[in-house]
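**Student:** By the working numbering, the letter at position 533 of the sequence shown is numbered 547, and the numbering carries on one by one without gaps. Glycine residues also receive a C-beta, built at the ideal position from the N, C-alpha and C atoms. Please find one structure pasted underneath; my questions will follow.
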Amino acid sequence: MISISCDNLRLSFGIDVILESVSFSLNEGDRLGIVGVNGAGKSTLFRLITGEYKQDNGAVYIAKDKTVGFLEQNTGLQSTKSVYDEMLLAFPNLCAAEEKLAAMEAEIASYETEHKAHDEAFEKLVANFSALSETFEAEGGYSYKNRIRAMLTRLGFGEDLWNIPIDKLSGGQKTRLALVRLLLQEPDILMLDEPTNHLDIDTLAWLEDHLKSYKKTILVVSHDRYFLDKIANRILEIEHKRGTMYNGNYSSYLEQKIKNREIEEKHYQNQQREIARIEAYIEQQKRWNRERNIIAAESRQKQLDKMVKLDRPMASPDQIRLHFSKSGESGNDVLELNRLSKSYPGKPLFSDVTAMVRKHDHVFVYGPNGCGKSTLLKIIMDRVQPDRGDYEYGYNVTVGYYDQEQQDLDEDNTVLEELWSAYENLTQTEIRNTLALFLFRGDDIEKKVSVLSGGEKARLTMAKLILSKMNVLILDEPTNHLDIPSREALENALLSFDGTIIAVSHDRYFIKKLANRIFDLSSHTLFDFRGTYEEFLAYNERKKLEAAAAVASGQMPEVVSAGKEQFLKNKADAAQRRKEERARQKTAEAIAKTEAEIEAIDEEMAGEAAMDYKRLSELQTRKDELEEALLLLYEQEEAQNT
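Spelled out as structure tokens, the structure:
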């Protein structure tokens, strides 16, 4: 059954066409992911569906009696009510029924006290109470408050926040609370514009599971590729103002898009070759200029005129281009953290954080919102002072820092002035060329920083960063506000960066591609996991299964503190390093011994055995065996040193 459909939607503002001929339909239970570059019209499409904007032509159809819920991007609840009281408004019918049941219960008790008898009026009152009570129970009346408490807790609102007025919350908290209320309401058509903003990784995983089990229709705009892979069963791409529908999740859409583009390009090129062949034939016949040649030329011209010409496939939208310039080699020890601790009044963050970051590490700081990930980066950038502990950079370390809050931007500058003031030694042409790499062209460079969108500010901050030379990158949520092509460009630049990376990110796709080490602050101290993000997830899942198995078998699972776990892991790592060192030493000794034996054979062949052909043959055979063994040892040594 079709839940919602859009037919040939067109929208323009003045001469600017935003959307053109956008059509799609969704069945109940479909989960649609909407993708496209920043400014493509994704949020505009949502506003057409809700009726906030009126299309120039086309139509939106929503099935009869279907409710629509819309979470706007970065727009949270505005209320003076408490967090908990506001969530009660998601269930107006149940709240009203609960009040009525309480009033009826009081009336029954009063009637019994006054009349001391169960007459017809009393029986009618009890019957009405029973009927309403059954309806109340069937509609979830005895569980909705538990649902509110569970949903609030799951999305980061602990009981200590339930009585706080909403207008005292941060912007991110208000947006997250709006998501809680919308999920509690369970509309038939759920529309979410960038719902993963302001969510930590654990909450994101929970939201994915919740939406996958949601039986109704979902439309979601997101740049989170991991999220789209998990929940979407269809993808609508908005590109060059038009919409194209693909079946499957994000990864499937990418494969289909590449394949479709190859097919379109092939058909176009084949037709162009056919047109060129026909035109050459016509031209040849005209040159011969006989009657039968003229007739043949006119026949082919008619064939050409009737041909439906294919348009050249449009190029993909421009994306940023960047490359990080290295300042030279740092020492092997890049950054030492020594018992760093930080807390705020009533809010402990982390304590005794100790670790050594090595050259070429790609460290990602992991943990729930509020555990101090960004604060740790600010401490090592000397922007926040720790309560205790210290840190020290190693030899020849040059740091480049990306701040998610873009606090280093001057709101009064133009885009051109902002970049030029940071690099006064560069010419205006060099500055303009750099800005063009980040899609600031023409009048864009004269915009004030204060009027830029979040995505534009992120691109400008990144432009400032790439012009500096560094061998250590410290990045705080670098993918925030970036569209998918820009995220991919950043990933590729970081993959080719031959330095050290320390980053905080909630973009799991981004972490998966880059991380080789995880600093986990989930337990308010540091657990240093040496491995990829997928290996880290597998490790955590294994620990959960082991704990569950211990409980199921009646055993109390051993509670291992993060500090003890870190100690055990460091001990195991040290043992492994000693084992590898012994193996390298053994290989080096074998190489030296083999090379010495080959050298001795060469001396004997040039001396005593020079005229003894039998001995020469024996020595050559032995030398061949040794050289083959030496090659294997060299390969083994190379593998051990990588």
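By the DSSP assignment, the beta strand (DSSP E) with I76 in it spans what residues?
**Tutor:** By 1-based counting over the sequence shown, the position of residue 76 is 62. Unbroken beta strand (DSSP E) run through I76: 71-76.
**Student:** For E470, which of D325, S93, Y260, V429 has the nearest alpha-carbon?
**Tutor:** Within the sequence shown, numbered from 1, the residue matching residue 470 stands at position 456. Of the candidates D325, S93, Y260, V429, the one whose C-alpha sits nearest the C-alpha of E470 is V429.
**Student:** Measure the beta-carbon distance from L645 to T608 and round it to whole angstroms, keeping in mind my assumption that it falls under 8 Å.
**Tutor:** Taking the sequence shown and counting its residues from 1, one reaches residue 645 at position 631. Taking the sequence shown and counting its residues from 1, one reaches residue 608 at position 594. The Cβ separation is near 10 Å, so there is no contact.
**Student:** Are the Cβ atoms of I162 and M259 separated by less than 8 Å?
**Tutor:** Stepping through the sequence shown from its first residue, residue 162 is reached at position 148. Stepping through the sequence shown from its first residue, residue 259 is reached at position 245. Going by C-beta atoms, I162 is not nearer than 8 Å to M259.
**Student:** What's the call for W434, buried or exposed, on a 16-neighbour Cβ count within 10 Å?
**Tutor:** Taking the sequence shown and counting its residues from 1, the one referred to as residue 434 is at position 420. Result: buried.
**Student:** Using the rule of at least 16 other Cβ atoms within 10 Å of the residue's Cβ for burial, across every protein chain shown, is Q634 buried or exposed?
**Tutor:** Counting from one through the sequence shown, the residue named residue 634 turns up at place 620. Q634 should be labelled exposed.
**Student:** Could you work out which residue in L474, H281, L250, I394 is closest to Q270 when comparing CA atoms only?
**Tutor:** Reading the sequence shown from its first residue, position 256 is the one you call residue 270. Among L474, H281, L250, I394, the Cα nearest to that of Q270 belongs to L250.
**Student:** Per DSSP, P179 forms a beta bridge with which residues?
**Tutor:** Taking the sequence shown and counting its residues from 1, one reaches residue 179 at position 165. For P179, which the question treats as bridged, DSSP gives the partners S96.
**Student:** Excluding the five sequence neighbours on either side, which residues of its own chain have a C-beta within less than 6 Å of the C-beta of Y267, listed in chain order?
**Tutor:** Indexing the sequence shown from 1 puts residue 267 at position 253. Closer than 6 Å at Cβ, skipping near neighbours: I249, Y260.
**Student:** Measure the C-alpha to C-alpha separation of S147 and C109 and round it to an integer number of angstroms.
**Tutor:** Position 133 of the sequence shown, counted from the first residue, corresponds to residue 147. Position 95 of the sequence shown, counted from the first residue, corresponds to residue 109. Their Cα atoms are separated by approximately 13 Å.
**Student:** Would M12 and F150 qualify as a contact pair, given that the criterion is a beta-carbon distance under 8 Å?
**Tutor:** Because the chain in this structure spans residues 15 to 656, residue 12 falls outside the shown range and cannot be described.
**Student:** Are the segment 323-338 and the segment 487-501 touching, with three or more C-beta to C-beta distances below 8 Å?
**Tutor:** As far as the Cβ criterion goes, the segment 323-338 touches the segment 487-501, which means the pair count is three or higher.
**Student:** Helix, strand or coil, according to DSSP, for Y228 in the structure here?
**Tutor:** Locating residue 228 in the sequence shown gives position 214, where the first residue counts as 1. Reduced to three states, the DSSP call for Y228 is coil.
**Student:** With a threshold of 16 other CB atoms inside 10 Å of the CB of R239, please say whether the residue is buried or exposed.
**Tutor:** Stepping through the sequence shown from its first residue, residue 239 is reached at position 225. When all chains shown are included, R239 counts as buried.
**Student:** Excluding sequence positions up to five away, which residues of its chain have a Cβ less than 7 Å from the Cβ of R372?
**Tutor:** Indexing the sequence shown from 1 puts residue 372 at position 358. Within the same chain, R372 has close Cβ partners N346, D347, V348.
**Student:** In angstroms with no decimal places, state the Cα-to-Cα distance between A77 and L204.
**Tutor:** To locate residue 77, count along the sequence shown from 1; it is residue 63. To locate residue 204, count along the sequence shown from 1; it is residue 190. Taking the straight line joining both Cα atoms gives about 14 Å.
**Student:** With DSSP as the reference, identify every bridge partner of I682, one or two as the case may be.
**Tutor:** An answer regarding residue 682 cannot be provided, because it is not within the stretch 15 to 656 covered by the chain.
**Student:** With distance defined between alpha-carbon atoms, name the residue in D512, I393, V377, P106 nearest to R353.
**Tutor:** Position 339 of the sequence shown, counted from the first residue, corresponds to residue 353. Measuring from the Cα of R353, the nearest candidate turns out to be I393.
**Student:** Would DSSP call C109 helix, strand or coil?
**Tutor:** Residue numbering aside, residue 109 sits at position 95 when the sequence shown is read from its first letter. C109 falls in the helix class under three-state DSSP.
**Student:** Where do the ends of the beta strand (DSSP E) carrying F541 lie?
**Tutor:** Residue numbering aside, residue 541 sits at position 527 when the sequence shown is read from its first letter. Per DSSP, F541 belongs to the beta strand (DSSP E) from 541-543.
**Student:** With L218 and R190 assumed to form a contact (beta carbons below 8 Å), what rounded beta-carbon distance in angstroms separates them?
**Tutor:** Start at 1 with the first residue of the sequence shown, and residue 218 comes out as number 204. Start at 1 with the first residue of the sequence shown, and residue 190 comes out as number 176. With 8 Å as the limit, L218 and R190 do not qualify as a contact, their Cβ atoms being about 12 Å apart.
**Student:** Would the beta-carbon of A507 fall within 8 Å of that of L336?
**Tutor:** The sequence position of residue 507 within the sequence shown is 493, counting from 1. The sequence position of residue 336 within the sequence shown is 322, counting from 1. Taking 8 Å as the Cβ cut-off, A507 and L336 qualify as a contacting pair.
**Student:** Three or more C-beta pairs under 8 Å: does that hold for the segment 537-545 against the segment 362-382?
**Tutor:** Enough Cβ pairs lie closer than 8 Å, so yes.
**Student:** Measure the C-alpha to C-alpha separation of D626 and I605 and round it to an integer number of angstroms.
**Tutor:** As a working note, residue 626 is residue 612 in the sequence shown. As a working note, residue 605 is residue 591 in the sequence shown. Going by the C-alpha atoms only, they are around 29 Å apart.
**Student:** Please state whether the Cβ-Cβ distance between Q87 and E208 is less than 8 Å.
**Tutor:** Taking the sequence shown and counting its residues from 1, one reaches residue 87 at position 73. Taking the sequence shown and counting its residues from 1, one reaches residue 208 at position 194. Closer than 8 Å, so yes.
**Student:** Could you spell out where the alpha helix (DSSP H) holding N447 opens and where it closes?
**Tutor:** Taking the sequence shown and counting its residues from 1, one reaches residue 447 at position 433. From DSSP, the alpha helix (DSSP H) with N447 extends over 442-451.
**Student:** Give me, in chain order, the residues of the same chain whose beta-carbon lies closer than 7 Å to that of A35; leave out the 5 immediate sequence neighbours on both sides.
**Tutor:** If you number the sequence shown from 1, residue 35 lands on position 21. The displayed chain sequence assigns Ser, not Ala, to residue 35. The residues are N22, R24, R256.
**Student:** Alpha carbons only, please: which of Y523, Q590, F105, L487 is nearest the one belonging to G155?
**Tutor:** If you number the sequence shown from 1, residue 155 lands on position 141. Checking every option, the nearest Cα to that of G155 belongs to F105.
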